[in-house]
Amino acid sequence: MMGDRDFRSIVENALDSIGKELEINIDSADIQTIHLHEVVKCLRRSYYDRIDPQEVQRRGFNELLSGLLRKLQYGSDPKEFAIDDIKLKGQVDMLIDDSIFIFRGATNELETPQANDVLYLNACMWIYDKPDGIIVYITGDRKETTFSISRNKKMFEEIIRRVRVLNDLLKEQKTPILEPSTECSECQYYERCFMKKKNTKQLDLAEMLGFGSKKD
Ligand code: SF4
18 MMGDRDFRSI VENALDSIGK ELEINIDSAD IQTIHLHEVV KCLRRSYYDR
68 IDPQEVQRRG FNELLSGLLR KLQYGSDPKE FAIDDIKLKG QVDMLIDDSI
118 FIFRGATNEL ETPQANDVLY LNACMWIYDK PDGIIVYITG DRKETTFSIS
168 RNKKMFEEII RRVRVLNDLL KEQKTPILEP STECSECQYY ERCFMKKKNT
218 KQLDLAEMLG FGSKKD
């Protein structure tokens, strides 16, 4: 019979292969082309991804949703936006008439969209020059939450600033500063930024305080 561990590693390998197939290819040496998804996440993580990458562990098929849609007939071609001599490259999941769609997996129904998804969608609205943008979150049990946003110039200027910062740091081979956020706990570079993750033994408080153990 197939052991638990074997089964898990088969699923992990399958997720990994599909993920590699679907991910946006980045030419690490071409620092004059910055990809939009590199600047809506932690810049330090994007820098490490180019300079000294480490495999990311994928958690489920939900994460692959956006990549799968990009490959289907609805998927749009990538588009570039010139920022002096730097090209900012973005790609939306679906483009219908004047509306841009991005799709994301979620573990539960959200009340507000994720900040990095809003930044991504807003930047796409400038890159593709479209007035309407929609983010669709889909949970594992197929519940969907939809948010529509209008184009915001200030938000796009912040993206342009981050593109320039990443480009400069790549040129100078300088590691960006830490950007602590909830992203860190899932980040493959956690130990480079903070400390070694340890599996601590669960403590029996009652026993420590001299009241005997619950297990007694
Ligand atoms: S651990 Fe956090 S600060 Fe460090 S690279 Fe990852 S996301 Fe960025």
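If you're matching positions, the sequence shown starts at 18 in the working numbering and goes up one per residue. Where a beta carbon is used, it is the ideal one built from N, C-alpha and C, also for glycine.
Item, Value
"So Asp-134 and Ile-151 are supposed to be a Cβ contact under 8 angstroms. How far apart are they, rounded?", "Between Ile-151 and Asp-134 the Cβ distance is about 11 angstroms, and since that is not below 8 angstroms, they are no contact."
"Can you list the beta strand (DSSP E) stretches of 3 or more residues lying completely in the region 91-128, in chain order?", "96-100, 103-107, 111-113 and 116-123"
"Give the single residue among Asp-94, Thr-124, Asp-101 and Thr-156 whose Cα lies nearest to the Cα of Asp-110.", "Asp-94"
"Taking 9 angstroms as the cut-off, decide whether the C-beta atoms of Thr-156 and Asn-125 are in contact.", "yes"
"Leaving out five residues on either side along the sequence, give the residues of the same chain with a beta carbon under 6 angstroms from the beta carbon of Thr-162.", "Glu-126, Leu-127 and Tyr-154"
"For Arg-178, count neighbouring Cβ atoms within 10 angstroms of its own Cβ and tell me buried if that reaches 16, exposed if not.", "exposed"
"Regarding Glu-200 and the ligand SF4, is the C-beta to nearest heavy atom distance less than 8 angstroms?", "yes"
"Can you tell me whether DSSP reads Glu-40 as helix, strand or coil?", "coil"
"What residue from Lys-106, Asp-158 and Tyr-137 has the CA that sits closest to Ala-123's CA?", "Asp-158"
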